[in-house]
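Asks:
In this note's numbering, the protein residues as written are 309 to 535.
(1) Among 411, 425, 493 and 384, whose alpha-carbon lies nearest the alpha-carbon of residue 398?
(2) Should the region 491-509 be called in touch with the region 521-534, which here means at least 3 C-beta pairs below 8 Å?
(3) Could you tell me the distance, in whole angstroms, from the CA atom of residue 473 to the CA atom of residue 319?
(4) Go ahead and label residue 411 buried or exposed: buried means 16 or more other beta carbons lie within 10 angstroms of its beta carbon, across all protein chains shown.
(5) Measure the CB-CB distance between residue 421 and residue 463 and report whether it falls below 8 Å.
(6) So which of 357, 416 and 490 has the shortest CA-CA distance to residue 370?
(7) Note down, in chain order, each residue of its chain lying with its Cβ closer than 6 Å to the Cβ of residue 430, except the 5 sequence neighbours on either side.
(8) Quick one: residues in its chain with C-beta nearer than 7 Å to the C-beta of residue 365, no 5 flanking neighbours on either side, listed in chain order?
(9) Does the region 427-444 come close enough to the region 381-401 to have 3 or more Cβ pairs within less than 8 Å?
(10) Below 8 Å, how does it come out for the region 338-352 and the region 474-488: are there three or more Cβ pairs, yes or no?
(11) What is the DSSP secondary structure of residue 524, reduced to helix, strand or coil?
(12) Exposed or buried, which one is residue 358 when buried takes at least 16 other CB atoms within 10 Å?
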């Protein structure tokens, strides 16, 4: 049975990934709050990725780093500290997790790391300056580490569009906003956490054994199509 470390698996996409992996693998979840489920394959550590030391783990086959932010406002209303905070949670936290667990993960037969970007890193969207800048850093990290570690492990990222999670609740807070979000996407839908979890599970698996350094846009057509 394989073992995967999930950072931030208590809610949203991270929680969906934990649930998806538990059917066939051991999951070590690291987050400030425990997931609202119990399972014999689940181990949890309370930890704040930015302020606490990460727990020592003896062996793992892969790492998924889920923490992120959606901080939307006009550029004139952003404080520099907000840019720094978004960069810290999206990029520095990922680097910290990778540096902490790289040596144990690379001992696996098929080690893999999955990070998260956003469609806003490719598609210019008003009020997304901070998160787009931070997630562009994540994409650069994936490309650089993919090359640096090409003979050691695989690293990829998923760039979802709007996903039905607590993090995006302000964008989906009433029926009119839900319909507007759907209409903006050529496929007339947005993502559910389970959709993204399926892609993460694939990228961790041996089926993706020849894929590294890639950013996969799960965009419901909003970046790819003009209809």
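Quick reminder that beta carbons are idealized off the backbone N, C-alpha and C, glycines included.
This one's a predicted model, so the numbers in the text were calculated from it and none came from an experiment.
Replies: Taking the geometry as given:
(1) One-based indexing of the chain shown puts residue 398 at position 90. Ranking 411, 425, 493 and 384 by Cα distance to residue 398 puts 425 first.
(2) yes
(3) Translated into the one-based positions of the chain shown, residue 473 becomes position 165. Translated into the one-based positions of the chain shown, residue 319 becomes position 11. When rounded, the distance between both Cα atoms is 8 Å.
(4) If you number the chain shown from 1, residue 411 lands on position 103. With fewer than 16 other Cβ atoms within 10 Å, it is exposed.
(5) Taking the chain shown and counting its residues from 1, one reaches residue 421 at position 113. Taking the chain shown and counting its residues from 1, one reaches residue 463 at position 155. Yes.
(6) Numbered from 1 along the chain shown, position 62 holds the residue referred to as residue 370. With distances taken between Cα atoms, residue 370 lies closest to 416.
(7) Within the chain shown, numbered from 1, the residue matching residue 430 stands at position 122. Apart from sequence neighbours up to five positions away, the residues of its chain that approach residue 430 with a beta-carbon distance below 6 Å are 531, ordered along the chain.
(8) Locating residue 365 in the chain shown gives position 57, counting from the first residue. Excluding positions up to five away in sequence, the list reads 313, 336, 409 and 412.
(9) Touching, yes.
(10) No: fewer than three Cβ pairs fall under 8 Å.
(11) As a first step, residue 524 is located in the chain shown; it is residue number 216 there, counting from the start. In the structure shown, residue 524 sits in a strand (DSSP, three-state: E or B).
(12) Here residue 358 refers to the residue found at position 50 of the chain shown. Exposed, by the Cβ-count rule.
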